[in-house]
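Chemist: One structure coming up, written as structure tokens, with questions to follow.
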Amino acid sequence: MFHRKGNSHQDLESTDLDTESKIKELKVAIGPLSGHGSKYCTDSCLRRYLEARNWNVDKSKKMLEDTLKWRSTYKPEEIRWNEVALEGETGKLYRATFHDRQGRTVLILRPGKQNTSSIENQIRHLVYLLENAMLNLPKGQEQMSWLIDFTGWSLRNSVPVKSAKETANILQNHYPERLAIAFLYNPPRIFEAFWKIVKYFLDSKTFQKVKFVYPKNKDSVELMKTYFDEENLPTELGGKSILDYNHEEFSRLMTQDDLKSATFWGSDDKLSSYVVNEHSGAEVAQDSVCD
1 MFHRKGNSHQ
11 DLESTDLDTE
21 SKIKELKVAI
31 GPLSGHGSKY
41 CTDSCLRRYL
51 EARNWNVDKS
61 KKMLEDTLKW
71 RSTYKPEEIR
81 WNEVALEGET
91 GKLYRATFHD
101 RQGRTVLILR
111 PGKQNTSSIE
121 NQIRHLVYLL
131 ENAMLNLPKG
141 QEQMSWLIDF
151 TGWSLRNSVP
161 VKSAKETANI
171 LQNHYPERLA
181 IAFLYNPPRI
191 FEAFWKIVKY
201 FLDSKTFQKV
211 KFVYPKNKDS
221 VELMKTYFDE
231 ENLPTELGGK
241 SILDYNHEEF
251 SRLMTQDDLK
261 SATFWGSDDK
271 LSSYVVNEHS
281 GAEVAQDSVC
291 D
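Residue numbering for the sequence shown is 1 to 291, as defined by full-length UniProt numbering.
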């Protein structure tokens with residue numbers, strides 16, 4: 001109902017009114033919220049859940065309620081870097097210092113750098129970086145981009161199917177419409193066997209956002225360049241930038257971001273000493289976290 005062939009000013013106004021109406025309907029269906037739930041459920045948030053469920057209010061309500069229940073128990077906003085830092089020592093997953101051409105936050109994944117075996121801790125590390133990516137979105141931007149570098153990847157160090165399934169579940173069901181694009185750069189042929197299993201965990205929308213890039217395939221390389229400036233891309237991903245992951249430097253950055261997160265969600269015992277000692281005035285706009 002929201003995709004119209006016309007693009008006149010009147011059509012756009014009508015679409016906006018339809019969207020606002022659906023958001024209000026979902027807001028009423030969810031009912032009054034308090035605490036973190038009220039901060040999470042902004043109008044932009046509700047719109048993403050509606051988009052994920054094709055604007056069906058009942059299905060969107062169910063999806064959002066499941067997320068609120070998950071967030072109340074898993075408490076992703078309370079995960080701190082010192083709890084997951086071990087997972088990040090090799091730089092297998094980190095937030096890039098550059099953005100894509102649309103200004104979106106970029107996460108770089110290097111599965112060949114896997115350094116642990118605990119699926120629970122690996123997922124916790126992923127969730128922490130998802131929250132961090134949202135925390136660092138520029139104003140007015142809602143999505144992130146993924147760059148997945150397969151250098152050094154093999155079936156021996158590949159993530160278990162169970163972990164891949166859980167990753168897909170969390171991303172799709174609890175961070176709907178947050179992923180703009182995911183480029184899988186130069187995966188080895190043996191990855192095809194793993195992909196044949198993993199792709200069934202993805203819904204159609206997420207599946208369409210996954211793009212394979214091969215250095216010898218000009219079309220795939222050109223597609224990635226429409227999303228990223230070649231000067232920013234690391235050489236391992238076909239770019240011109242030399243990026244070396246520095247765990248100590250990244251840890252300092254994440255500790256600062258933990259302060260920003262605590263400022264937004266409300267300071268907790270985990271960070272009380274940091275807040276006092278650092279006298280941090282870190283601020284974060286609400287739309288970067290929840291919008």
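All residues carry an ideal CB built from backbone N, CA and C; glycine is no exception. The model shown is predicted, which means the values in this text are computed figures rather than measured ones.
(1) Beta carbon of E78, beta carbon of E177: below 8 Å?
(2) Alpha carbons only, please: which of S21, P215, R156, N82 is nearest the one belonging to P111?
(3) How big is the Cα-Cα spacing for Y227 and Q102?
(4) Does F2 pass the burial test, meaning 16 or more other C-beta atoms within 10 Å, or should it be called exposed?
(5) Tell me which same chain residues have a C-beta within less than 7 Å of the C-beta of E89, skipping the five on either side of it?
(6) Rounded to whole angstroms, what is the Cα-Cα separation between P160 and I30?
(7) Return the bridge partner residues of G95 from the DSSP annotation.
(8) Starting from W55 and walking both ways along the alpha helix (DSSP H), at which residues does that stretch end?
(9) Considering just the uninterrupted stretch of the beta strand (DSSP E) at A164, what are its terminal residues?
(10) Is there contact here, the region 33-47 with the region 123-135, by at least three beta-carbon pairs under 8 Å?
(11) Do three or more CB pairs link the region 167-183 to the region 43-58 at distances below 8 Å?
(12) Going by beta carbon distance, what residues of the same chain come within less than 8 Å of E283, once the five residues before and after it are set aside?
Modeler: For this structure:
(1) Judged by beta-carbon spacing, E177 lies beyond the 8 Å limit of E78, meaning their Cβ atoms are not closer than that value.
(2) Here the closest residue by C-alpha is R156.
(3) Each residue's Cα considered, the two are about 7 Å apart.
(4) Unreliable positioning characterises F2 in this predicted model, as indicated by a pLDDT of 48, which lies under 50. The coordinate reading is nonetheless provided below. Counting the other Cβ atoms within 10 Å of the Cβ of F2 gives fewer than 16, which makes it exposed.
(5) Around E89, the same chain offers N115, H247 as residues with beta carbons nearer than 7 Å, after the five sequence neighbours per side are excluded.
(6) Between P160 and I30, the C-alpha separation is close to 36 Å.
(7) Note that residue 95 corresponds to Arg in the displayed sequence, not to Gly. According to DSSP, which records beta bridges pairwise, R95 is partnered with L107.
(8) No alpha helix (DSSP H) contains W55, which DSSP labels as neither H nor E.
(9) Annotation for A164: no beta strand (DSSP E) segment contains it, though the alpha helix (DSSP H) segment containing it runs 161-174.
(10) Counting Cβ pairs under 8 Å, fewer than three are found: no touch.
(11) Contact holds: three or more Cβ-Cβ distances are below 8 Å.
(12) Only weak support exists for where E283 lies, its pLDDT of 45 falling under 50; the coordinates are left without a value.
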